[in-house]
Each structure stands twice: as structure tokens, then as C-alpha cells.
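Shown next, in C-alpha cells, is the structure this report addresses.
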Amino acid sequence: MRWTVSVLCLWLAGAATCLAVDLCNTSLSDDANEMETFFYLTEPCRYQKFNRAPSVPGQPLKIYLRAFIYYLRAYSIQNEVDMLTLLELSWTDSRLAYSSINTNVTAIRGEKNLFSDRMWLPHTHMLNERMLDV
Numbered sequence: 007m008r009w010t011v012s013v014l015c016l017w018l019a020g021a022a023t024c025l026a027v028d029l030c031n032t033s034l035s036d037d038a039n040e041m042e043t044f045f046y047l048t049e050p051c052r053y054q055k056f057n058r059a060p061s062v063p064g065q066p067l068k069i070y071l072r073a074f075i076y077y078l079r080a081y082s083i084q085n086e087v088d089m090l091t092l093l094e095l096s097w098t099d100s101r102l103a104y105s106s107i108n109t110n111v112t113a114i115r116g117e118k119n120l121f122s123d124r125m126w127l128p129h130t131h132m133l134n135e136r137m138l139d140v
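The working numbering numbers the first residue of the sequence shown as 7 and each following residue consecutively.
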């Protein structure tokens, strides 16, 4: 594996202070598994998780939503309800394409907790909520 280090130097009063600001793995082995491929693609040197996934220029990003209602109970005359739902969002982020990488990975699957801290996620906001215990 080859690594690249970017160095930031600050010149103050004739003295230079340098700081390594980035450490990036620039190669991926041919026998990399799903996790190694995902972590390679989402390294901060090549993927900015706070930038929205790119879309067709001039078009909004298409995000598909599915809602699964597991529990619904009306318990008052004022139309108050308890509801337990699962929201499933799906979209395409071309920055995570791995078909051009020489690896034997055909799909990357994972759980929310594993990937959510490394990739861009759409913001969701629930209106009229009283409490959110999830």
C-alpha cells in the first residue's frame, strides 16, 4: 500500500512550522473485502461527507423514501397518536462508485451504525413530534 501525506507549512517571523494535515491510502489491494473497499472510498482525502451527493447538473438529487408503520395507536379525542415507524431512504452517490477499482467486491452492504459516520446522509426532520425515543 502506498500512502500520501499532505504537509501544510506556515511561515511566521522567518521560521517555518509544518503540520501533516492528511494521511491518505492511495492504493487498494486486489483482494480487498467490502469493508476495506468502503473505508478506502470514504477516506477524507477523497470523500467529503458534509457535501451533498452529486446529481445531474440543474436537477435535484433524487432521494427515495419508504415508510414502514409498525405500530399505530390513537388514544385520545384530540387525535393524539402513538406511532412506531421505520424510514428507509435510498439515493445514488457517484463518489462511492467502486466499479473502476480493481477488486473482487460486487456489493457493499452494511448497517447504519457502521457507515453513517463516514458518508453523507440526507437530513430528515419530523414535524409535530412530541418526543423521539429512538
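Every residue, glycine too, gets a C-beta built ideally from N, C-alpha and C.
- Under a 10 Å Cβ-count criterion, Tyr46 is classified as buried, with 16 or more other Cβ atoms of the shown protein chains found around its own Cβ.
- For Arg79, the three-state secondary structure derived from DSSP is strand.
- Here Tyr53 carries a coil assignment [DSSP, helix/strand/coil].
- Note on geometry: alpha-carbon atoms of Leu67 and Leu95 lie some 12 Å from one another.
- Within its own chain, the residues whose Cβ lies closer than 6 Å to the Cβ of Leu93, once the five positions on either side in sequence are excluded, are Ala73, listed in chain order.
- By the neighbour-count criterion, in which a residue is buried when 16 or more other Cβ atoms sit within 10 angstroms of its Cβ, Ala38 is buried.
- Secondary structure of Tyr70 (DSSP, three-state): strand.
- Between the C-alpha atoms of Ser106 and Tyr53 there is a straight-line separation of about 16 Å.
- Looking at the backbone, the Cα of Glu49 and that of Met132 are separated by about 31 Å.
- Judged by DSSP secondary structure, Leu95 falls within the beta strand (DSSP E) whose first and last residues are 87 to 96.
- For Leu78, same chain residues with a beta-carbon under 7 Å away, outside a window of 5 residues either side, are Val87, Met89 in chain order.
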